[in-house]
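Residue numbers (this note's numbering): 34 to 361.
Even for Gly, the Cβ is constructed at its ideal location relative to N, Cα and C.
Everything below concerns the one structure shown next.
Below you can see the structure in the form of structure tokens.
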């Protein structure tokens with residue numbers, strides 16, 4: 034039987050080769066970092082308008098990702114397709130913007146057509162190019178070399194290692210800029226209100242029960258009514274408050290079981306104040322949901338009482354309100 038190239042093909046070896054080439058493409062960027070990178074970060078930091086990324090083909094896809102990363106880390110940015118730009122969408126670029134162009138060759142005609150227009154608009158230009166001496170590289174205010182020795186494609190044709198290098202350097206720009214701007218966890222939370230990330234960074238006040246949803250009884254409430262309130266609100270706890278609305282204590286299912294075991298005959302004659310746990314664990318309304326989750330796990334409890342600085346009851350947050358907020 035004749036052996037074919039398919040017979041000797043080893044998928045794992047090919048994959049290892051691809052990953053090794055792409056990893057090397059990123060590592061090769063490190064010794065190239067110089068004052069051009071510092072200048073690029075400075076241009077982005079001083080941007081009075083928006084950051085506009087652009088590129089054609091696979092470079093355009095990477096440019097979209099770089100814009101998305103910048104936007105999500107505190108630097109307003111959007112992608113502009115170069116062909117659409119020269120056919121009417123140039124209005125998306127304004128004086129004071131900074132444009133980031135991606136081109137492996139540095140000779141992409143559609144991008145070069147934009148350069149003269151950008152100069153007239155007094156727009157700063159950062160280029161991520163495979164050849165810093167290319168037409169695009171020479172016309173940029175800051176040219177960053179993302180050239181690679183070889184593509185990971187076995188044919189040496191499909192943009193692979195070159196796009197990986199561009200993406201990695203784009204991330205380096207975005208995150209360096211974010212750090213220079215003092216971007217914090219709180220800022221990240223504000224920009225990610227939806228999905229798992231949104232819940233992870235949500236505030237306690239966004240997830241807690243409030244108003245009539247909160248199980249609440251007074252100090253003198255008979256235990257029969259306390260049990261009814263706990264059952265009706267379905268959290269397995271009830272808060273106990275003073276006449277002024279300040280938190281006095283908490284009664285949980287565990288408290289009820291302990292009292293039933295020790296004094297079953299008298300429990301219905303007792304008041305909430307007789308059965309409550311004083312000074313329950315509380316949390317501030319502005320705390321992150323992850324902080325509430327960590328506190329519950331540390332204390333091995335399922336609910337936290339939310340109070341203001343004066344101790345007034347504001348709400349209750351239960352473990353099931355925090356599902357999906359684990360660190361990912």
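With 16 or more other Cβ atoms inside 10 Å of its own Cβ, residue 285 counts as buried.
Beyond the five residues adjoining it in sequence on each side, residue 65 comes within less than 6 Å, by CB distance, of 178 in the same chain, given in chain order. For the pair residue 314 and residue 289, the CB atoms are not nearer than the 8 Å cut-off. Three or more beta-carbon pairs separated by less than 8 Å are not found between the segment 103-111 and the segment 136-145, which leaves the two stretches without contact.
Taking a C-beta distance under 8 Å as the contact criterion, residue 156 and residue 122 do not qualify as a contact pair.
In its chain, beyond the 5 residues on either side, no residue has a beta carbon closer than 8 Å to the beta carbon of residue 68. Beta-bridge pairing by DSSP links residue 112 to 86. When rounded, the separation of the alpha-carbon atoms in residue 146 and residue 119 is 8 Å. Annotated as proximal: residue 320 and residue 237, with beta-carbon spacing under 8 Å. Three or more beta-carbon pairs separated by less than 8 Å are not found between the segment 298-311 and the segment 323-338, which leaves the two stretches without contact. Shown here for residue 292: same chain residues with a beta carbon closer than 7 Å to its own, the five before and five after excluded, namely 300 and 308 in chain order.
Per DSSP, the unbroken beta strand (DSSP E) holding residue 159 starts and ends at 157-162.
Residue 120 sits in coil when the DSSP states are folded into three classes, being neither helix nor strand. Residue 151 is a Cβ neighbour of residue 132, given a cutoff of 8 Å.
Nearest Cα to residue 148 within the set 126, 202 and 91: 126. Within the same chain, 86, 110, 111 and 112 come within 6 Å of residue 100 by CB-CB distance, once the 5 residues on both sides are set aside. For residue 255, the beta-bridge partners assigned by DSSP are 304. The continuous beta strand (DSSP E) containing residue 283 extends over residues 280-285. The Cβ-Cβ distance between residue 303 and residue 263 does not fall below 8 Å. With distances taken between CA atoms, residue 250 lies nearest to 283 out of 283, 239, 243 and 240. The C-beta separation of residue 181 from residue 194 comes to about 4 Å, placing the pair in contact by the 8 Å criterion. For residue 345, the secondary structure class from DSSP, reduced to helix, strand or coil, is strand. The beta carbon of residue 265 sits closer than 8 Å to those of 248, all from its chain and outside the five residues before and after it, given in chain order.
Out of 192, 159 and 199, the CA that lies nearest to the CA of residue 63 is found in 199.
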